[in-house]
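Residue numbers (my numbering), protein chains in the order written: chain A, 7 to 208; chain B, 7 to 208. Ideal Cβ positions, reconstructed from N, Cα and C, are used throughout, including at glycine. Model, not experiment: these values are computed from the prediction. Here the structure comes first, spelled out in structure tokens, and everything after it is commentary.
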DNA sequence: CAAAATATTCTAGAACC
DNA sequence: GGTTCTAGAATATTTTG
């Protein structure tokens with residue numbers, strides 16, 4: 007009841023814990039990375055390193071899912087595989103084919119796998135848009151910005167982005183206000199209905 | 007009884023948030039829904055209604071992607087199809103097979119498709135302050151402004167101001183959020199106290 | 001044609017195991 | 001840490017006023 011509402015909506019507050027993220031080099035690569043690297047040494051037509059050896063291509067997602075995945079993982083879902091790739095920071099670098107890249111994932115460089123770590127962000131009270139804003143703020147205060155701000159092109163770009171962001175923030179505020187009104191409306195309706203119920207009970 | 011009260015009230019809250027924007031009865035179903043419904047009338051072995059006709063099953067994702075999807079959509083990605091299903095509120099109801107369900111998506115009930123609408127915000131009471139479109143953005147990107155901004159100095163100044171403004175907007179959002187939490191807390195407390203009163207009256 | 005709605009893509013959140 | 005399901009976010013693309 008009332009309590010459940012609170013839990014549902016404020017539950018995330020309980021998880022408010024400071025994160026001591028430690029991206030120190032691990033001694034052994036994550037199993038997922040090893041398996042993915044190994045699977046590329048099969049020299050199959052289903053999946054392989056790309057021409058430059060700095061990314062890999064799943065040439066046939068269907069066969070890859072049905073034949074390759076279950077031999078290395080506990081599933082045969084392409085989407086689960088992709089979810090893992092994203093978790094480890096791989097990017098899809100072609101819109102034409104299933105080609106994924108990570109700076110530290112290269113042909114013949116098995117030793118570099120230890121430098122790839124899982125992305126992990128703590129659950130936070132703040133909505134994602136605020137997170138990204140805060141990150142940006144942190145950046146703007148650094149000296150990095152001092153250097154790049156001298157470039158006219160970058161300035162223009164930043165200007166454009168800032169305006170875009172302003173628009174977004176304005177819309178969010180609009181939404182907030184609307185929601186507040188609706189919450190109030192809901193509250194008042196609830197009070198009415200409860201009073202009617204109480205009357206009937208008398 | 008408590009639970010029913012809750013459902014009633016949060017149901018109405020959900021209606022509030024959507025009633026302002028769009029969910030009036032449409033005359034014609036979303037293209038995606040029509041296509042998905044049509045594709046199920048092929049009586050194929052790749053995809054079909056389930057036994058009860060209240061959900062559908064993609065029996066062979068690989069063939070579905072390669073053969074079925076491109077005939078109805080502009081792509082052959084299973085994941086894009088699933089993204090659409092989720093956007094329209096379908097749920098995957100089996101862990102064993104690709105079976106998706108929506109209350110208003112049933113065999114022989116094409117007319118019910120008009121009642122399915124695209125999700126804009128969560129059914130949750132809580133914000134997801136995210137975007138529906140509001141229309142107070144006229145003042146932002148005029149081309150006039152673009153020209154003036156070609157001056158380097160002015161650009162710098164404008165960016166500085168934009169950042170200042172951004173900070174202000176972010177603070178406003180924080181305030182809104184706090185207020186919303188208080189409102190909800192109030193609502194929840196009120197519900198509790200009213201229920202206690204009702205119990206005593208019994 | 002501009003703006004809104006819908007579609008497609010890529011990535012991430014969160015629950016559960 | 002892995003797997004699953006769903007959503008966020010950025011673009012494309014289409015539709016509509």
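Mark residue i as exposed unless 16 or more other C-beta atoms lie within 10 angstroms of its C-beta, in which case mark it buried.
| i | result |
| --- | --- |
| residue 178 (chain A) | buried |
| residue 34 (chain A) | exposed |
| residue 222 (chain B) | Because chain B here runs from 7 to 208, residue 222 (chain B) falls outside it and cannot be looked at. |
| residue 100 (chain A) | exposed |
| residue 71 (chain B) | buried |
| residue 108 (chain B) | buried |
| residue 30 (chain B) | For residue 30 (chain B), the pLDDT reaches just 46, beneath the cut-off of 50, and the residue's location in the model is therefore unreliable, although a value from the coordinates is still provided. Result: exposed. |
| residue 103 (chain B) | exposed |
| residue 123 (chain B) | buried |
| residue 183 (chain B) | buried |
| residue 207 (chain B) | exposed |
| residue 77 (chain B) | exposed |
| residue 163 (chain B) | exposed |
| residue 205 (chain B) | exposed |
| residue 176 (chain B) | buried |
| residue 151 (chain B) | Below a pLDDT of 50, predicted positions are generally treated as unreliable, and residue 151 (chain B), at 46, falls in that range; the measurement from the model is reported next regardless. When all chains shown are included, residue 151 (chain B) counts as exposed. |
| residue 173 (chain B) | exposed |
| residue 181 (chain A) | buried |
| residue 209 (chain B) | A question about residue 209 (chain B) goes unanswered here, because the residues of chain B that appear run from 7 up to 208. |
| residue 171 (chain A) | buried |
Using a Cβ cut-off of 9 Å, pull out every chain B residue sitting near residue i, in sequence order please.
| i | result |
| --- | --- |
| residue 85 (chain A) | 84, 85 and 88 |
| residue 68 (chain A) | 67, 68, 69, 71 and 72 |
| residue 108 (chain A) | In chain order: nothing, as chain B lies at least about 20 Å away. |
| residue 91 (chain A) | Near residue 91 (chain A) there are no residues of chain B at all, since even the closest Cβ is about 13 Å away, more than 9 Å. |
| residue 75 (chain A) | The contacting residues do not exist; residue 75 (chain A) stays about 12 Å from chain B at best. |
| residue 43 (chain A) | Here the premise fails: no neighbours, minimum Cβ distance about 24 Å. |
List the residues of chain A whose Cβ lies closer than 8 Å to the Cβ of residue i, in chain order.
| i | result |
| --- | --- |
| residue 179 (chain B) | 136, 175, 178, 179 and 182 |
| residue 192 (chain B) | 193 |
Report the residue from the options whose alpha carbon sits nearest the alpha carbon of residue i.
| i | options | result |
| --- | --- | --- |
| residue 50 (chain A) | A:38, A:101, A:181 and A:66 | A:66 |
| residue 209 (chain B) | B:125, B:174 and B:116 | Only positions 7 to 208 of chain B appear in the structure, and residue 209 (chain B) is not among them; the question remains open. |
| residue 44 (chain B) | B:69, B:74, B:105 and B:203 | B:74 |
| residue 117 (chain A) | A:171, A:39, A:97 and A:76 | A:39 |
| residue 121 (chain B) | B:202, B:106, B:98 and B:94 | B:94 |
| residue 68 (chain B) | A:54, A:56, A:83 and A:57 | A:83 |
| residue 36 (chain B) | B:52, B:170, B:97 and B:90 | B:90 |
| residue 53 (chain B) | B:106, B:171 and B:81 | B:106 |
Give me the chain B residues within the contact set of residue i, using Cβ-Cβ distance strictly less than 7 Å, ordered along the chain.
| i | result |
| --- | --- |
| residue 203 (chain A) | 204 |
| residue 78 (chain A) | Per Cβ cutoff of 7 Å: no residues; residue 78 (chain A) is ~18 Å from chain B at best. |
In chain A, which residues lie less than 7 Å from residue i when you measure between Cβ atoms?
| i | result |
| --- | --- |
| residue 171 (chain B) | 172 |
| residue 49 (chain B) | Per Cβ cutoff of 7 Å: no residues; residue 49 (chain B) is ~23 Å from chain A at best. |
| residue 200 (chain B) | 200 |
So which residues on chain B does residue i lean against when the C-beta distance must stay under 8 Å?
| i | result |
| --- | --- |
| residue 186 (chain A) | 182, 185, 186 and 189 |
| residue 165 (chain A) | 155, 161, 164, 165 and 168 |
Against residue i, what residues of chain A qualify as contacts under a CB-to-CB distance less than 9 Å, listed in chain order?
| i | result |
| --- | --- |
| residue 81 (chain B) | Near residue 81 (chain B) there are no residues of chain A at all, since even the closest Cβ is about 11 Å away, more than 9 Å. |
| residue 117 (chain B) | Per Cβ cutoff of 9 Å: no residues; residue 117 (chain B) is ~31 Å from chain A at best. |
| residue 196 (chain B) | 8, 193, 196, 197 and 200 |
Run the proximity test for residue i: is its beta-carbon closer than 7 Å to any non-hydrogen atom belonging to the ligand NAD?
| i | result |
| --- | --- |
| residue 125 (chain B) | Of the ligands one can find in the structure shown there are none, so the ligand NAD has no counterpart to examine. |
So does the stretch 105 to 118 of chain B actually touch the stretch 48 to 61 of chain B, counting three or more Cβ pairs closer than 8 Å?
yes
Three or more C-beta pairs closer than 8 Å, one from the stretch 186 to 202 of chain A and one from the stretch 179 to 199 of chain B: is that the case here?
yes
Ignoring anything shorter than 3 residues, give me the beta strand (DSSP E) runs that lie fully in the stretch 60 to 141 of chain A, in order along the chain.
62 to 64 and 104 to 107
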